[in-house]
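**Student:** Each step along the sequence shown adds one to the number in UniProt numbering, with nothing skipped, and position 214 is 214.
Yeah, the Cβ is synthetic: ideal placement off N, Cα and C, and Gly gets one too.
Small disclaimer: the values here were computed from a predicted structure and weren't measured.
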Amino acid sequence: MLVEQGFQQVPFQEGNPYTQDPALPSLLRRLIPPRLFNEEIEPELERFGAEVITTIRAQSRGNRISPPKLVQYDNWGQRIDELQTSEGWRSLKATAQREGIPGIFYERKYREHSRLFGFAKALMMVGDSHEVFCPLSMTDGAARVVELLGTEGMKRDIFPRLISRNSSSAFVAGQWMTERPGGSDVSQTETKAQSLGDSDSLGSKYSLDGFKWFSSATDGDIALALARTRPADSGSRGLSLFLIPLREALNNRFGSSTSTNGIRVHRLKNKIGTHALPTAELSLEQTTAYLVGPLNEGVNNIIPVLNITRVWSAISSVGGLRKCLAIATAYANVRRIDGGKRLLRDVPLHVAQLASINLVYRALTHLVFGAVTLLGRVECGVASVEEQNRLRMFTPIVKGFAAEKAVAAMEEAMAALGGQGYMEETDIGRLIRDGLVERIWEGTTTVLSLDLLRSTTNPARLKEFVSWSYSIILMCPPGLLKAVQAAIQSLQGRLDSLLAAFLHPVPPLIARPSLMFIGYIASAIYLLEHAIWSHSRGEEGYEIDAEVFRRWVNDGSFVAAEQDLDRIRSEVKFADASNSVIVFGKRDHAKL
Ligand SMILES: Cc1cc2nc3c(=O)[nH]c(=O)nc-3n(C[C@H](O)[C@H](O)[C@H](O)COP(=O)(O)OP(=O)(O)OC[C@H]3O[C@@H](n4cnc5c(N)ncnc54)[C@H](O)[C@@H]3O)c2cc1C
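(1) I'd like to check one pair, residue 27 with residue 401: are the Cβ atoms closer than 8 Å?
(2) For ligand 1, is there any heavy atom lying closer than 7 Å to the beta carbon of residue 217?
(3) In whole angstroms, give me the CA-to-CA distance for residue 72 and residue 272.
(4) Which of the three DSSP states, helix, strand or coil, is assigned to residue 175?
(5) Give the straight-line distance between the Cα atoms of residue 182 and residue 239, rounded to the nearest whole angstrom.
(6) Compare the C-alpha of residue 227 against each of 186, 570, 174, 140 and name the closest.
(7) Short check: CB of residue 523 to CB of residue 343, under 8 Å?
(8) So, do the stretch 214-223 and the stretch 302-318 have three or more beta carbon pairs nearer to each other than 8 Å?
(9) Whose C-beta lies closer than 7 Å to the C-beta of residue 546 among residues of the same chain, with five residues either side of it excluded?
(10) Determine the extent of the alpha helix (DSSP H) in which residue 287 is found, giving its start and end residues.
(11) Which residues in the same chain as residue 91 place their Cβ atom closer than 6 Å to its Cβ, once the five residues preceding and following it in sequence are excluded?
(12) Which two residues bound the contiguous beta strand (DSSP E) that contains residue 144?
(13) Are the beta-carbon atoms belonging to residue 301 and residue 237 less than 8 Å from one another?
(14) Would you check whether ligand 1 has a heavy atom nearer than 7 Å to the C-beta of residue 329?
(15) With residue 326 as the anchor, note down where its alpha helix (DSSP H) starts and where it stops.
(16) Using only the alpha-carbon positions, how far apart do residue 252 and residue 362 sit?
(17) Hey, would you say the C-beta of residue 214 is under 7 Å away from at least one heavy atom of ligand 1?
(18) Distance check for residue 170 and residue 110, CA to CA, integer angstroms please.
(19) Does DSSP classify residue 574 as helix, strand or coil?
(20) Could you tell me if residue 7 is buried or exposed, where buried requires 16 or more neighbouring beta carbons within 10 angstroms of its beta carbon?
(21) Taking 7 Å as the cut-off, is the beta-carbon of residue 145 closer than that to any non-hydrogen atom of ligand 1?
(22) Cβ of residue 279 versus every heavy atom of ligand 1: is any distance shorter than 7 Å?
(23) If you draw a straight line from the C-alpha of residue 119 to the C-alpha of residue 356, how long is it?
(24) Using the Cα positions of residue 573 and residue 494, report the straight-line distance between them to the nearest angstrom.
(25) Once the 5 residues before and after residue 434 are set aside, which same chain residues still bring their CB inside 7 Å of it?
(26) Going along the chain, which unbroken runs of the alpha helix (DSSP H) with 4 or more residues stay wholly within the stretch 447-497?
(27) Any idea what DSSP makes of residue 367, helix, strand or coil?
(28) Using a Cβ-Cβ cut-off of 6 Å (strictly less than) and excluding sequence neighbours within five positions of residue 217, which residues of its own chain qualify?
(29) Distance check for residue 5 and residue 279, CA to CA, integer angstroms please.
(30) Excluding five sequence neighbours on each side, which residues of the same chain lie with their C-beta closer than 6 Å to the C-beta of residue 254?
(31) Regarding residue 400 and ligand 1, is the C-beta to nearest heavy atom distance less than 7 Å?
(32) Is there at least one non-hydrogen atom of ligand 1 closer than 7 Å to the beta-carbon of residue 437?
(33) Tell me which residue opens and which closes the beta strand (DSSP E) that residue 211 is part of.
(34) Quick one: using the 10 Å Cβ neighbour count with 16 as the cut-off for buried, is residue 261 buried or exposed?
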C-alpha cells in the first residue's frame, strides 16, 4: 500500500493560545481593571496569540532552528571564538524584543499590571520560543539591577538598550554566577577582581580573571558577574557584582567592535535539551568590568536578578505545559478510536486524563500569576509590607513547584497522543527536555526549599501566609460554600498541619516537602479566590471554577504532600542516619 492510500489521519489544529486558554483570559479579567483589560490588554493578547501560531511558529520550525556552533580558530590558527547561532534563534529573540520583552516591564505603561501583561505574552510564546526567554529573563533581571543599583552612566547608556524594543540595537545580558566549585553555593568563587584605579562613564573599572562554568547568554552584549574582591577565606562575603561588556568597545562605540574583552569561549555545553541556547564555559583574562552596587555585597546585589529569573523559570514551566495541553486537547478533536466510531473527545476515560492535565495547568497558572501580580506591585512601589513578604516567600515556591509539577503533566500530554506524542515533530519531547532544566538552573528545587526556610526564619512570615489564606477563605459567599465546604475544611486542616510543621526549630529535612505542600496550598487558595470572584459576578463557567478548586484540594498528590510532610516530621530524628544507610550501605555510613 502506498503511504497516500488507506487511512489518513486528519492533522490537529492548535487554536489561538490566548482565546483557547482554559485559565488565562478569565484570570486576567479578574486581575486587571476592566477598562484597561477590555480596551487595551485583551485585544493585544488576542492579536499576539494569532502571531504565535503563525509568524512566530514559522520562525521556530524546521531547519531555521539548530544548535549553535563555536568556531574557535580561523584558518590562520588565530583564536577567534566565533559563536554562530541559527537564524530562527536570532529572529525569535528579535520578535520577543519587539513585542516588548522585557521592555513592557520597564515602560510600565500599565503600571503594576505591566508584569501581568508581559508575562501573559511570554506564557503564550514559551512553547515556540526555543528558550530565547532564558537570555531575555537575565536581561530583565540585569535591567532591574541597573535600575536599582547602576551608576548614572549605566542608567544612561546601558539601561535603555536592555529594555529596548529595537532588536537591532537592544542589548541582551547574561548572568555569570556558577563556577566549577559550585552554582548553588558561590562562596568558593575563584574569579578575582582587581581594581584598575581608574573609572570612565560607566563607573569604577576592574580587571577580572577566572573561569565561568555556565553562561547561557553567550551571544549577549553584557553580563552581570560575581567576582572576588576579598580573599578566598571570606567566602561569599568577599564577592562583588560587576557589569562586563562582552566586547571591548561597548562603552565607547556600543558593539561595533568584535574584540572580546579578554573573554574566551572554552567550550559549548553538550546539553540534553535547550539545544538552540548557546550555553558555554568561559575563561576571563584581564577582562574589563565595572563595579555595580556596594563593594563586597555582590550576593545581595545580584538578588534582584534571581528574583526575576525565578519567576521567569516558573512561567517557562507553565508555558511549556500550556503548549503540551493545547496539543493533547486538539488531538482529541481529530483522533478516532473504537473502530473509528468515536473521537477521543467523546471517550470519558480519555477526557478524564485530559482534565487532570488541565487541572494542573490551571493551578500552576493561578499560582504563578499570583506571584507575578505581587512582583508588579512591588516594582511599582504599591505593595504592602505583607505583599512584599509574600513575594519573598513565594518566589522559590512558584519556581520549584511549577518545575516539579509541569514536566510530569507534560508526560501525560505526550501519552495522550499515543505513539505520535513520542515523535519530535509534535514538540512535546523538546518541551519535556527543555522543561527539565527548570528543576536545576536558577536553583535546584532542594536549594530553593532551603531558601523558603530562610524566608520563614521569622515565624511571623508563615503566620502572615496563613492569615492571608484565611482572609480569602472567609470571603467565600454562602451560595458557593455549599459546593466547596468539604474542600475548605480540608484546606483549613492542612493550614494547621503546616503551622505544626514549622514549629521552631524547623528541621531542614522538611524543607523540600514543605515547598511542595505550600505550593499546593497557595495554588488552592488562588483557585478559591478566583472561584469566589467568578461566582459573585455570575461569570460564565463559575461552577467549573468551584469544581476546579474542589478537585485540586482533593487531588491525590496534594493529599500525599501532606502525608509526606507529616511522615518526615515524625521520623526526622532517625531519618538522617537511616537515609545514609539506605543510600550508601552500612559500611560506608560507618566510614562517614
Ligand atoms: C542548561 C543550563 C544553563 C545554565 N546557565 C547558567 C547561566 O547562564 N549562568 C549561571 O550562572 N549558571 C547557569 N547554570 C548553572 C545552574 O544555575 C547551576 O547548575 C545550578 O545552580 C546548580 O549548581 P551546580 O551545577 O554547581 O550544582 P551543585 O550546587 O553542585 O548541586 C549538586 C546537587 O547538590 C544539591 N545541593 C547543593 N547544595 C545543597 C545544600 N545546601 N543542601 C542540600 N542539597 C544541596 C543540589 O540540589 C543538587 O542536587 C546553567 C545550568 C544549566 C543546566
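**Tutor:** By the coordinates alone:
(1) Here residue 401 is not near residue 27, since their CB atoms are 8 Å or more apart.
(2) Proximity of the beta carbon of residue 217 to ligand 1 is indicated: a heavy atom of the ligand is located closer than 7 Å.
(3) Those two C-alpha atoms are separated by around 23 Å.
(4) In the structure shown, residue 175 adopts extended strand secondary structure according to DSSP, grouped into three states.
(5) Taking the straight line from one Cα to the other gives about 14 Å.
(6) Of 186, 570, 174, 140, the residue nearest in Cα terms is 186.
(7) No; because the gap between Cβ atoms is not below 8 Å, this pair is not in contact.
(8) The stretch 214-223, when compared against the stretch 302-318, does not touch it at the 8 Å Cβ threshold.
(9) The answer, listed in chain order, is 480, 483, 484, 531, 535.
(10) No alpha helix (DSSP H) contains residue 287, which is instead part of the beta strand (DSSP E) from 280-292.
(11) Around residue 91: 59.
(12) From DSSP, residue 144 is part of no beta strand (DSSP E) but of the alpha helix (DSSP H) over 133-149.
(13) Remark: C-beta atoms of residue 301 and residue 237 do not approach each other more closely than 8 Å.
(14) Relative to ligand 1, residue 329 has its C-beta separated by 7 Å or more from all heavy atoms.
(15) 298-332 is the extent of the alpha helix (DSSP H) around residue 326.
(16) Only weak support exists for where residue 252 lies, its pLDDT of 47 falling under 50; the value from the coordinates is given anyway. Straight-line Cα distance between these residues: approximately 48 Å.
(17) For residue 214, the distance from the CB to the nearest heavy atom of ligand 1 is below 7 Å.
(18) Taking the Cα positions, residue 110 is about 22 Å away from residue 170.
(19) Shown here, residue 574 sits in a helix according to DSSP, grouped into three states.
(20) It is exposed - the Cβ of residue 7 has fewer than 16 other Cβ atoms within 10 Å.
(21) No, the Cβ of residue 145 stays beyond 7 Å of every heavy atom of ligand 1.
(22) Correct: residue 279 has its Cβ closer than 7 Å to ligand 1.
(23) C-alpha of residue 119 to C-alpha of residue 356: approximately 24 Å in a straight line.
(24) Note on geometry: alpha-carbon atoms of residue 573 and residue 494 lie some 23 Å from one another.
(25) These residues qualify, in order along the chain: 131, 273, 274, 320.
(26) Runs of the alpha helix (DSSP H) lying entirely within the stretch 447-497, each at least 4 residues long, are 459-473 in chain order.
(27) DSSP places residue 367 in helix when its eight states are reduced to three.
(28) Setting aside the 5 residues that flank it on each side, residue 217 is surrounded in the same chain by 135, 138, 172, 174, each with a C-beta closer than 6 Å to its C-beta; the list follows chain order.
(29) One C-alpha to the other measures close to 45 Å.
(30) With a pLDDT of 41 at residue 254, under the threshold of 50, the modelled position of that residue is not reliable, and no figure is offered here.
(31) For residue 400, the Cβ stays outside the 7 Å cut-off from all heavy atoms of ligand 1.
(32) Taking non-hydrogen atoms of ligand 1 into account, the C-beta of residue 437 is found less than 7 Å away from one of them.
(33) Where residue 211 is concerned, the enclosing beta strand (DSSP E) stretches over 203-215.
(34) By the neighbour-count criterion, in which a residue is buried when 16 or more other Cβ atoms sit within 10 angstroms of its Cβ, residue 261 is buried.
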